[in-house]
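Written below as structure tokens is the structure these notes are about.
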Amino acid sequence: MTVLLETIGYSNWILHALVWLPVLGVAVVLGTEERKAKTVAFWCSVIVLGLSLGLWWAFDPTISGFQMESTATWIEAWGVNYSLGIDGISLFMVMLTTFSTSLAILGSFNYIRVRERAFYALMLLLEAGVVGVFVATDVFLFYVFFEITLIPMYFIVGVWGGERRIYAAIKFFLYTAFGSLLMLVGILYLFYQTKNILGFPSFAYGDFLGISLTEVEQLWLFAAFALAFSIKVPVFPLHTWLPDAHVEAPTPGSVILAAVLLKMGTYGFVRFLLPLFPLAAQHPVIVATMLMLGLIGIIYTALVAAVQPDAKKLVAYTSVAHMGFVVLGVFALNVNGLQGGLIVMISHGLSTGALFLLLGMLYERRHTRTIEEFGGIARVAPWFATAFVITALASIGVPGTSGFIGEFLALLGTFESHPVIAIFATLGVIFAAYYMLPMVQSVFFNELETPENREVKDLTGREITILAPLCALMIWIGWNPTPFLDRMELSVRAVIERVESAASTPQAFGETTGVYQPEEAD
Numbered sequence: 019m020t021v022l023l024e025t026i027g028y029s030n031w032i033l034h035a036l037v038w039l040p041v042l043g044v045a046v047v048l049g050t051e052e053r054k055a056k057t058v059a060f061w062c063s064v065i066v067l068g069l070s071l072g073l074w075w076a077f078d079p080t081i082s083g084f085q086m087e088s089t090a091t092w093i094e095a096w097g098v099n100y101s102l103g104i105d106g107i108s109l110f111m112v113m114l115t116t117f118s119t120s121l122a123i124l125g126s127f128n129y130i131r132v133r134e135r136a137f138y139a140l141m142l143l144l145e146a147g148v149v150g151v152f153v154a155t156d157v158f159l160f161y162v163f164f165e166i167t168l169i170p171m172y173f174i175v176g177v178w179g180g181e182r183r184i185y186a187a188i189k190f191f192l193y194t195a196f197g198s199l200l201m202l203v204g205i206l207y208l209f210y211q212t213k214n215i216l217g218f219p220s221f222a223y224g225d226f227l228g229i230s231l232t233e234v235e236q237l238w239l240f241a242a243f244a245l246a247f248s249i250k251v252p253v254f255p256l257h258t259w260l261p262d263a264h265v266e267a268p269t270p271g272s273v274i275l276a277a278v279l280l281k282m283g284t285y286g287f288v289r290f291l292l293p294l295f296p297l298a299a300q301h302p303v304i305v306a307t308m309l310m311l312g313l314i315g316i317i318y319t320a321l322v323a324a325v326q327p328d329a330k331k332l333v334a335y336t337s338v339a340h341m342g343f344v345v346l347g348v349f350a351l352n353v354n355g356l357q358g359g360l361i362v363m364i365s366h367g368l369s370t371g372a373l374f375l376l377l378g379m380l381y382e383r384r385h386t387r388t389i390e391e392f393g394g395i396a397r398v399a400p401w402f403a404t405a406f407v408i409t410a411l412a413s414i415g416v417p418g419t420s421g422f423i424g425e426f427l428a429l430l431g432t433f434e435s436h437p438v439i440a441i442f443a444t445l446g447v448i449f450a451a452y453y454m455l456p457m458v459q460s461v462f463f464n465e466l467e468t469p470e471n472r473e474v475k476d477l478t479g480r481e482i483t484i485l486a487p488l489c490a491l492m493i494w495i496g497w498n499p500t501p502f503l504d505r506m507e508l509s510v511r512a513v514i515e516r517v518e519s520a521a522s523t524p525q526a527f528g529e530t531t532g533v534y535q536p537e538e539a540d
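Residue numbers (my numbering): 19 to 540.
Spelled out as structure tokens, the structure:
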């Protein structure tokens, strides 16, 4: 496979294709008939997914820096370039995006029945924006893609959502846009600092890494970037927009929101906060604050989820709890914690995306999400129940599933640096069972009393096609995480080494462009 990819020059064009093929798909979908839009959009997304799978073999795990890089001048007067690249941190985020988009589109076939061309065009535009966020190596380009994702998601929620869709869409937009503006201020400050040092304008990520900032400057810039990314994650107490957006969004919108949009925030933590502001990232007050917010998010939202009567809202709150484990892993500031956080990001994308798909399928059958109105569905839909149980166990973090690997490493890393926080955070695993298992019991294994529940159909062939790869990946990562950990390890170590080097030589850390300069490992 590797030889074939080299023969066709895969590394030279693949990142451009992953960004621009969905945009081309937007044009094709808008030009097709309304009734064919979903089929065209699905096959466009499948082509992008198929191309992205080659990244698994094309990526070299012995290189810590960006790979498959390419740069072209965009706005020369401003020093803005169209620059793309991928490393062990962004690799899995790109693959998760293309994978989730295809399944979300396939899962929407029976759900979206009006304005289909517009909906599927927006889904492909959203895919292009999210992939762009993960592969951009010019900070201005990153910001453009980061903002572009707001537009399609706003309309997906606001047009095809539930009764309170306008409220949810506006709340989502305002929260995220406010944080993004502060990040823009921080980007512009770094830009002018770079211009003064280099003598020419540049938004290149590598040039930003080379800026020597005082601790005070780093603290202010850290705050600006951290607020933008914390809203996107979302970190407690900035999470209130998420349950509304999830509940009101159509099923495919909820899938993409959970699987990849939230990861843009945690990706920002790893890509920007730690490497660009290493002094601030290890400041005792900053670390303690972020760890406490992560811990509160895990415990508080788990307890809130346990009392939700709406199954979709329950799952929405679990996202905040899972992202709390990512925050703990990132700010543990060690390899185990950071790798655990990245695995939680992947696992959450799979399990929570699958839960939203399953609840959407259940809603199509019963037209309700109220937990009390279900019961005994496992008797009439055993395959449905099987898929739901596997997904719920992965969400809880049961050993043998992807959820366990990520949470274990995140907690292990946190224990190495802050054992008391880690001990309290383990309660989140118990609380996860406390809110998830009663829902599974009520929906699938209680008495089959309601007549409507007796008519629930089992999974169709299309639905099995959607859920089977998700369940398989949850189990594969749970039993054999090594291929994933190997591909991210050097990039993760380079981030940690940059933070640690700033602690030992605070005046000299800016002299190295550190992590993202490609070099062969010994």
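The C-beta atom is built at its ideal place from N, Cα and C for all residues, glycine as well.
Everything numeric in this text was worked out from a predicted model, so none of it was measured.
Look at residue 98 here: in three-state DSSP terms it is strand. Residue 222: not part of any alpha helix (DSSP H); DSSP gives it neither H nor E.
With a cutoff of 7 Å on beta-carbon distance, residue 274 and residue 443 are scored as not near each other.
The beta-carbon separation of residue 40 and residue 142, rounded to 4 Å, stays under the 8 Å limit for a contact. Shown here, residue 88 sits in a strand according to DSSP, grouped into three states. When the five nearest sequence neighbours on each side are left out, the beta carbons in the same chain lying within less than 6 Å of the beta carbon of residue 420 are those of 365, 412, 492, 495 and 496, in order along the chain. Put simply, the backbone Cα of residue 87 is about 12 Å away from that of residue 28. In the structure shown, the three-state DSSP call for residue 258 is coil. Separation of the CB atoms of residue 145 and residue 63 is rounded to 7 Å, and the pair is thereby assigned contact status at 8 Å.
The C-beta distance from residue 127 to residue 67 rounds to 17 Å, too long to meet the 8 Å contact threshold.
Assigned with DSSP and collapsed to three states, residue 504 falls in helix.
Of the residues 350, 257, 436 and 296, the one whose Cα lies closest to the Cα of residue 337 is 257.
Listed as beta-bridge partners of residue 388 by DSSP are 328. Between residue 147 and residue 278 a beta carbon distance of about 10 Å is seen, past the 8 Å cut, so the two are scored as non-contacting. Separation of the CB atoms of residue 283 and residue 251 is rounded to 4 Å, and the pair is thereby assigned contact status at 8 Å. Assignment of residue 103 by DSSP, reduced to helix, strand and coil, places it in the strand class. C-alpha of residue 360 to C-alpha of residue 468: approximately 42 Å in a straight line. Excluding residues up to 5 positions away in sequence, 242 lie with their Cβ nearer than 7 Å to the Cβ of residue 203 in the same chain. Assignment of residue 276 by DSSP, reduced to helix, strand and coil, places it in the helix class. In the structure shown, the three-state DSSP call for residue 93 is strand. Of the other Cβ atoms in all chains shown, fewer than 16 fall within 10 Å of the Cβ of residue 470; this residue is therefore exposed. Residues of the same chain with a CB within less than 7 Å of the CB of residue 363, apart from the 5 flanking positions on each side, are 281, 284 and 344 in chain order. Between residue 266 and residue 175, the C-beta spacing is below 7 Å.
In the structure shown, residue 215 falls within a helical segment according to DSSP collapsed to helix, strand and coil. In this chain, the alpha helix (DSSP H) harbouring residue 296 covers 296-299. Residue 372 and residue 182 have their C-alpha atoms some 24 Å from each other. Secondary structure of residue 81 (DSSP, three-state): strand. Your pair residue 162 and residue 112 does not check out as a contact, with CB atoms roughly 17 Å apart and the cut at 8 Å. By the C-beta criterion, the stretch 207-217 is judged not to be in contact with the stretch 184-192, since fewer than 3 inter-stretch pairs fall below 8 Å. In the DSSP assignment, residue 57 falls within the alpha helix (DSSP H) that extends over 55-71. DSSP links residue 154 through a beta bridge to 102.
Using a Cβ distance threshold of 7 Å, residue 389 and residue 457 count as a contacting pair. DSSP places residue 498 in the coil class of the three-state scheme, outside both helix and strand.
In this structure, DSSP gives residue 291 a helical state, which the three-state scheme calls helix.
Your pair residue 356 and residue 288 checks out as a contact, with CB atoms roughly 7 Å apart and the cut at 8 Å.
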